[in-house]
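Worksheet: the structure to be examined is printed underneath.
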Amino acid sequence: MSHAEGENAGALIVEPDGVKDSRALFWLESSLKRVYPQSPVGEKRALEIITARNRNISLQACVRNERIYPLNVECSVSGTDDLKIRVRRVGYVPMHHLTTDTDLSELEGAPYTPGLVPDPLFPENKTSIGPYENQSFWITITIPRDAKPGTKNLTIKYSFHDNTQSVELKAKIDVRSLVIEPRKNFPVIHWWRPEDIYDYHNLEPWSDEWYKLAKPYLENLLSHGSDVIFVPAIYPRREYIRRPAQMLKVTESAPNKFEFDFTEVRKFIRFAKECGFEYFEWPHLWIYWGVKSPMRVYKWVDGKPVEFWPPDEDGFGERYMSFLRQFLPELHKFLMEEKIEDKSYFHISDEPGGDEAFERYTKARQILRDLAPWMKIMDALSEVRYGKTGIVDFPIPIVSTAQEYVDAKLPHWVYYCCGPRGPWLNRFFDTPLTKIRMSGWLFYKLKADGFLHWGYNYWRKMEQDELVNPFADSTSACWPGIPYGDPFVVYPGADGPIDSIRWEVFSESLEDFAMLQTMKLKRENPLLSDIKTYADFPKNEEWINQALATLLEK
């Protein structure tokens, strides 16, 4: 049994089979640095992490095999009973191109990318490492709210050579007395795709098997800080697919006479509540990028979806207006029955741009004020005039224009997606993990009221009825328009989602937000003075560690 101490003593070198020059190297890494197959061996044999209670923290246990033979390794953690430990193997996925329009100084991974990047976290703690390559294990540590403050000494054990040999490294978890309270008044939404779950696993939509598999996805969203769930009442996209995700059953008993069956929607709402959700997001009512056409609504004829109106139907024509006049009162009745009216968010249309779209959006908003004055409207719309005119209750600008809302002192959420790139906050395969971890700090300092992202599990070619293998293609077959990693943060697993490094780090950033909120830290506090905009902010691990140490000082 080998032991190692001293944080900067260099990687521990052993000869697993006793053969000279047949080496394996072992070290620890923080959660804020990706370990690529050929990145340099790290220096740390020990780590110390300062943390509050009631949160998750992570570190990596890393191995390099410098032999001509495979090395079978198992990683385990021991040392304390009042912390919950989870070990997962970091997987590698291909990234064929770097994110465009971005300086190398704003990317992580060069010169190892293009190439294989670490991202999926497979639920296994053993693997076979090939010759002359690295492998890391992601260690998640949950500190419960009732954990006893003080230093927890963890032992990270690597077993190898048929488990007859092992190596141990140490991590110290310095648990401080602060208990982080649940985040408040900062909703987080990630658009999940129920159709990608049932299509990927070849399940019948809304079947018992689908609900069984959907449950861990909803629980995963909630456990990672997303506290508003999208309700698939109607399919929110414009592409035609064979099995659109529409739970609402709509029939037309006579021309322009519609009837609505909320049975499946009601089942889903109650299912989501059982999973832990209290807040609900409903589909847009007009197609995105212009408010020109109505959202697609389907009926089923001989088992096939048929649209009630053509794709280019006038979004303000009499047929769709007739539909809305009948649908919205029934929707309101349903919300009242389920007691979720005041816990629901609604949309008009996503990212309208330009004067013509602004006029149409204004018209649509007035229609909803007349027909559904109870609706709280939120939309991704970056032009500041939407906030200034008050035609939307919760404007959501992209982070690159959010400063206009900040300067105008307008309440707003924020979002990012396939952009902005360059220095801006985002969550791609080559976005430095330190930038992703700063998300919660930026949201807090810059006074965002919520966050929205489109890509939780979009596993298909962009706007096509064809799935992709997300372990091989993370751009929806749409690079360079969509950077690597933008369409999803989880991968499909046999029994539920497989997390990603990006998803874990983002989740921890939301816990940072909750910590700042719990401490009632003033946004003007000098500690946050380095945060200027969503492009100009600290992007290094040292700043994060020092800020945490200062805030959690005993």
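Convert by adding 880 to the 1-based position in the sequence shown; the result is the number in the working numbering.
A virtual CB, placed ideally from N, CA and C, is assigned to each residue, including glycine.
Bear in mind the structure is a predicted one, so any value in this text is a computation, not a measurement.
Excluding the 5 residues flanking it on each side, Gln1206 has same chain C-beta neighbours closer than 7 Å at Phe1138, in chain order. Beta-bridge partners of Ile1378 (DSSP): Tyr1371. Contact check between the stretch 1319-1326 and the stretch 1141-1150: fewer than three CB pairs, one atom from each, fall below 8 Å, which does not count as touching. Per DSSP, the beta-bridge partners of Val1055 are Thr931 and Gly1030.
Each residue's CA atom was taken as its position, placing Glu1075 and Asp1345 some 10 Å apart. Ala1260 sits in a strand when the DSSP states are folded into three classes. Going by DSSP, Gln1283 is part of the alpha helix (DSSP H) stretching over Ala1282 to Asp1287.
Cβ contact annotation for Pro1096 (same chain, cutoff 6 Å, sequence separation greater than five): Gly1376, in chain order.
If you draw a 10 Å sphere on the C-beta of Glu1061, you find fewer than 16 other C-beta atoms in it, and that means exposed. Trp1321: member of the alpha helix (DSSP H) spanning Ser1319 to Lys1325, first to last residue.
The secondary-structure analysis by DSSP pairs Trp1018 across a beta bridge with Gln940 and Arg968.
Collapsing the DSSP output to three states places Glu1193 in coil. The C-alpha of Trp1086 is placed about 40 Å away from the C-alpha of Leu1290. Excluding its 5 nearest sequence neighbours in each direction, Lys1341 has C-beta neighbours in its own chain below 7 Å: Val1348, Ser1356 and Ala1357, listed in chain order.
The three-state secondary structure of Pro1074, taken from DSSP, is helix.
The alpha carbon of His976 has as its nearest neighbour, out of Tyr1338, Ser1389, Asp1410 and Phe1309, the alpha carbon of Phe1309. Checking the DSSP bridge columns, you'll see Val997 partnered with Val973. DSSP places Ser1356 in the coil class of the three-state scheme, outside both helix and strand.
For Ser1387 against Gly1105, the beta-carbon gap comes to about 5 Å, under 8 Å, which counts as contact.
Assignment of Val1145 by DSSP, reduced to helix, strand and coil, places it in the helix class.
Taking 3 residues as the shortest admissible run, the stretch 1103-1133 contains the following complete beta strand (DSSP E) segments, listed from N- to C-terminal end: 1108-1110. Within the same chain, and ignoring the five residues on either side of Glu1158 in sequence, the residues whose Cβ sits closer than 8 Å to its Cβ are Asp1107 and Lys1223. For Pro1209, the uninterrupted alpha helix (DSSP H) segment begins and ends at Glu1198 to Glu1218. Per DSSP, the continuous alpha helix (DSSP H) segment holding Tyr1241 begins and ends at Asp1235 to Leu1251. The straight-line gap separating the alpha-carbon atoms of Gly959 and Lys1028 is approximately 14 Å. For the options Tyr1338, Leu1326 and Met1395, the alpha carbon positioned closest to that of Arg1403 is the one of Leu1326. The residue among Thr1430, Tyr1324 and Leu1390 with its C-alpha nearest the C-alpha of Phe1417 is Tyr1324. DSSP places Val1279 in the coil class of the three-state scheme, outside both helix and strand. Counting along the chain, Glu1187 sits inside the beta strand (DSSP E) bounded by residues Lys1184 to Glu1187. The alpha-carbon of Pro1174 is positioned some 29 Å away from that of Tyr1091.
The C-beta of Pro1406 has fewer than 16 other C-beta atoms within 10 Å across all chains shown, which makes the residue exposed.
By the criterion of a C-beta distance shorter than 8 Å, Asp1273 is surrounded in its chain by Lys1256, Ile1257 and Met1258, once the five residues flanking it on both sides are discounted. For Ala891, no alpha helix (DSSP H) run applies, since DSSP gives it neither H nor E.
Going by DSSP, Ile1424 is part of the alpha helix (DSSP H) stretching over Glu1421 to Leu1431. If you compare the alpha carbons of Glu1221, Pro1372, Ala1288 and Leu1049 with that of Trp1254, the shortest gap goes to Glu1221.
DSSP lists Phe1040 as the beta-bridge partner residues of Gln1045.
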